[in-house]
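The structure under discussion appears below in the form of structure tokens.
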Amino acid sequence: MEEKQEKMALLDVQKLRVSFDMYERGLQKKELEVLHELSLRVYPGEILAVAGASGSGKSILAHAVMGILPGNARTEGEIRYRGELLDRKRQESIRGKEIAFIPQSVEYLDPLMRVDRQVMGIRGAKEKQETAFARYHLGKEVERMYPFQLSGGMARRVLISTAVMEEARLIVADEPTPGLNAEMAMETLQNFRELADEGCGVLLITHDIDLAFQAADRIAVFYAGTIVEIASVADFLAGKEALRHPYSKAFIDALPQNDFKPIEGFQPYAGNLPKGCLFAPRCPMRSGECEKEIAMRKIRDGEVRCVHAT
Amino acid sequence: MQLEAKKISFRYQKNSPWILKDVDLTVQAGERVALLGPSGYGKSTLAKILAGYENPVKGEVFWDGAPLPKKGFCPVQMIGQHPEKAVNPRWKMARIVNEGWQADEQTLRELGIEKAWMNRWPSELSGGELQRFCIARALGPKTKFLICDEISTMLDVITQAQIWQKVLAAAQKGGLGLLVVTHNKALAARVCERIIELPKLNRPS
Amino acid sequence: MDRKTARFNTRTRVMVYIVLAFVYLAGVLLWGLLMDPEAYAVDYRVKFLPPGAGHLFGTDFMGRDMLFRCVKGLSTSIVIGVIASAVSSVIALAAGVAAAVVGGKLDSFVNWCVDLCMGMPHLVLLVLISFMLGRGMKGVMFGVALTHWPELTRIVRAEVLQIRAQPYVQAAYRLGKTRMQVAREHILPHVLPVYLIGVILLFPHAIMHEASITFLGFGLSAEEPAIGVILSESMKHIATGKWWLALFPGILLLAAIMLFDVIGENLKRLLNPGSGHE
């Protein structure tokens, strides 16, 4: 861990806020903040999983890093790639080259273009594409197919080969496994592991905590639009005592393989957030301090956003 | 009373490979059974056929000895993986939950549905909140059997545990049969008395 | 977080466009319908006057006032456009919904008809139908109405097919709803906005085609004040420098068409969830 701190982070997201302009009834416009002061770092050689409920805004994080948010989105905070500020221009120039995106859905493939052409992209070379396909067990015949002819697993492997083609250093994968059977999912994760071992950083966004346990080095716990704790997988597997944030602890208790005991309450809705700590209304440890701004702080080799954490 | 599938076979088109082939399955009312299997083995397709969403190419589904009714409120109700797709985005929640029956206060309270939610649009609620509505909608007085197709897969684990507590309580109270379709072995072991592995039941090729 | 942003946002702007376009079109329509024919009566004393104080748009070879004639003509065009689009859209709605709901042979037949009509140039079919029915108001109306349904039919059919596969529609059947109830409560409200946009975008086509076949001489007769007639007459005099005979009616026609387009395109942007919040 010490060593890791010295290495420069590949991706460094600091206090990222993303909000959307939405129309309410009629002509009134309203701003809705969906990511709040989110901070995380991805180091070379590691897989960082961001785990949280579907629809809670995890994909927005991926889209913000890639610079593909829709037109009504506004961002604040900093995203740095290898120490350099990642602004829109920079994003456009390295997107698809140094930073590869593996989207949630196969719909990101162009339905009217043969697969090999898409994987090669504008600059790619045929040999590289062939090597990538061989690596992911995609036969010769796949090259000539159109996306609709691919099975879910094949499509997923095509998306991954697009990422390795360009020898990306950072891979952002948004829910890469749904729709794959167990073997395929394991294989996909294995691919990420190999890429990480070769020195890539992988930001793996998933709703499946079991998957994160299997694949990741560290897990960032996503709650109501922010990250409340980042800790090593070992801490999660060791049980709730090893964790720091009361939400992560509650989370461990609720797993079906553990107690299957939920805490009360709901994740707050983006338009209706409590002041200060977002988890406070459901927290057994809450106190007056929880209503202030809570910063991310380091405890025992992990990071946590809670004043009571030890 | 029991839900019975006899020699169910299914494929989308003639000449395409079989997804389900001669699947037999019987679940008693009041029983809790898990249908376990990795994705791509036809779990969801079987669930849809059992709930009458899809017609089998061969075979038939029986409820209480008679073929599953095609019209009217179906005694076998299904809850799916994506609650946000299972509600009309143009309707408010109160209208959605009352589509099949007038959901009573007690049911809503027991599912943890707050009064304020009734006046909202689906886009203003989270997946876990919407899923509660989908469950309430399916829990009419005529409902005898509930098929839960990966209903907590897309939720966070705390919401998952919350939802299952509610479903199990409701099933217990109404004496409902439960077929739980999932890929999660730990979850299946938690909520069900009997586990069926679909790959053993269904050998299409 | 609850901050209300600037008042003049896209949605407001779109509403302003729509209101403006509507006022213009409704104004022309009413003005034309209520106009005294004396306003564009023949008066040989004042023929070929260039635009000026007495006659804003000038006069033609029979001394008719071009402003009043144009407005009357455009008003007629709008009437034809509205009726033809209405008929077209009813055909489209019925055929599209039936094809999607019934499916099978009916679906194939509707698709075949759509392909047949779309495979032929609009104008040729229009001319044929209008000519067969003896031209004039009736010919034009039938011609335009019977040639503008295929595209909308395709859109309606696709929408219905898409909505029918939605889990919430399937769930409605299992919750005891009948086909009619599902169609009324789920399918129609979903299809309606797309359909309305389609209808609005049909108007400019219909008006343009009415003007075109009239211009070519297969439509309204020469006595009627129609934009197509006006434009075709103006062709005879344009070489002699009577520019106002073509310019003003042209601009009026173009404005009407573009305004309908503005309404349709903007509504589309508002109702499309992808861009609706920008």
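Protein chains in written order, with our numbering: chain L, 2 to 311; chain B, 139 to 343; chain X, 60 to 337.
Cβ coordinates follow ideal geometry from the N, Cα and C atoms, glycine included.
A quick note: this is a predicted structure, and the numbers were derived from the prediction, not measured.
query: Among L:G84, L:M67, L:A101 and L:A310, whose alpha-carbon lies nearest the alpha-carbon of L:K90?; result: L:M67
query: Given this structure, state the Cα-to-Cα distance separating X:G287 from X:M294, to the nearest angstrom.; result: 11 Å
query: Going by DSSP, what residue range makes up the alpha helix (DSSP H) through X:M189?; result: The question names Met, but residue 189 of chain X in the sequence shown is Ser. Here the alpha helix (DSSP H) through X:S189 covers H181 to M191.
query: Measuring straight from C-alpha to C-alpha, what distance separates B:G278 and B:I251?; result: 16 Å
query: Let me see if you follow: with CB-CB separation under 8 Å, is B:K152 close to chain X or not?; result: no
query: Rank X:D95, X:I188, X:H207 and X:H181 by C-alpha distance to the C-alpha of X:S144 and give the top, closest one.; result: X:H207
query: Can you pull the chain X neighbours of B:Q215, defined as C-beta to C-beta under 9 Å?; result: A230, R233 and L234
query: Show which residues of chain B have a CB atom less than 7 Å away from the CB atom of X:Q225.; result: K223
query: What whole-angstrom Cβ distance do B:A224 and X:Y227 have, given they're in contact under 8 Å?; result: 5 Å
query: So with CB distances below 7 Å, who are the chain X contacts of B:C212?; result: R233
query: Leaving aside the five residues before and after X:L311 along the sequence, list all residues of the same chain whose C-beta is less than 6 Å from its C-beta, in chain order.; result: C129 and L133
query: Going by the DSSP bridge assignment, what does L:M23 pair with across the sheet?; result: L:K31
query: In the DSSP assignment, what residue or residues form a beta bridge with B:M216?; result: B:I285
query: So, with DSSP's three-state summary, where would you put X:D320?; result: helix
query: Do you know offhand how far X:A85's Cα is from X:D166's?; result: 38 Å
query: Evaluate L:H138 with the Cβ neighbour count: other Cβ atoms within 10 Å of its Cβ, from every protein chain shown; 16 or more gives buried, anything less gives exposed.; result: exposed
query: So who's on the other strand from B:I234, going by DSSP bridges?; result: Paired residue(s): none; B:I234 is not in a bridge.
query: Taking 8 Å as the threshold (C-beta atoms), are L:I161 and L:T189 in contact?; result: yes
query: Measuring straight from C-alpha to C-alpha, what distance separates B:N226 and B:S261?; result: 10 Å
query: Within 8 Å of any Cβ in chain L, is that where the Cβ of B:L293 sits?; result: yes
query: Which residue or residues does DSSP assign as beta-bridge partners of B:F200?; result: B:E142 and B:P205
query: Can you find a C-beta in chain X that's less than 8 Å from the C-beta of B:Y191?; result: yes
query: Please work out which residues of its chain come closer than 8 Å, Cβ to Cβ, to L:K8, disregarding the five sequence neighbours upstream and downstream, and give them in chain order.; result: Y44 and P45
query: Kindly say whether B:E237, judged by its beta-carbon, lies nearer than 8 Å to any beta-carbon of chain X.; result: yes
query: For a cutoff of 8 Å on Cβ pairs, would you count B:R258 as touching chain X?; result: no
query: How about the stretch 107-124 of chain X and the stretch 299-307 of chain X: do they share at least three Cβ pairs that are nearer than 8 Å?; result: yes
query: Would you report the Cα separation of X:L255 and L:V143, rounded to the nearest angstrom?; result: 43 Å
query: For the stretch 242-256 of chain X, list every residue whose C-beta sits within 9 Å of some C-beta in chain B, in sequence order.; result: E244, H245, P248 and H249
query: Identify which residue in B:K230, B:G238 and B:R228 has its Cα closest to the Cα of B:M216.; result: B:G238
query: Sorted by chain position, which residues of the same chain lie with C-beta nearer than 6 Å to L:D254's C-beta, five sequence neighbours on each side aside?; result: D260 and K262
query: Could you name the residues of chain X that B:R228 contacts, counting a contact when the two beta carbons are closer than 8 Å?; result: P248 and H249
query: Kindly say whether B:G218, judged by its beta-carbon, lies nearer than 8 Å to any beta-carbon of chain X.; result: yes
query: Please tell me whether B:R275 has its Cβ less than 8 Å away from any Cβ of chain X.; result: yes
query: Would you verify that the beta carbon of B:T164 is, or is not, closer than 8 Å to some beta carbon of chain L?; result: no
query: Let me know the beta strand (DSSP E) ranges lying completely inside the stretch 291-337 of chain B, each 3 residues or longer, listed in chain order.; result: 315-320 and 332-335
query: Looking only at C-alpha atoms, which of X:F319, X:P284 and X:I259 sits nearest to X:D95?; result: X:P284
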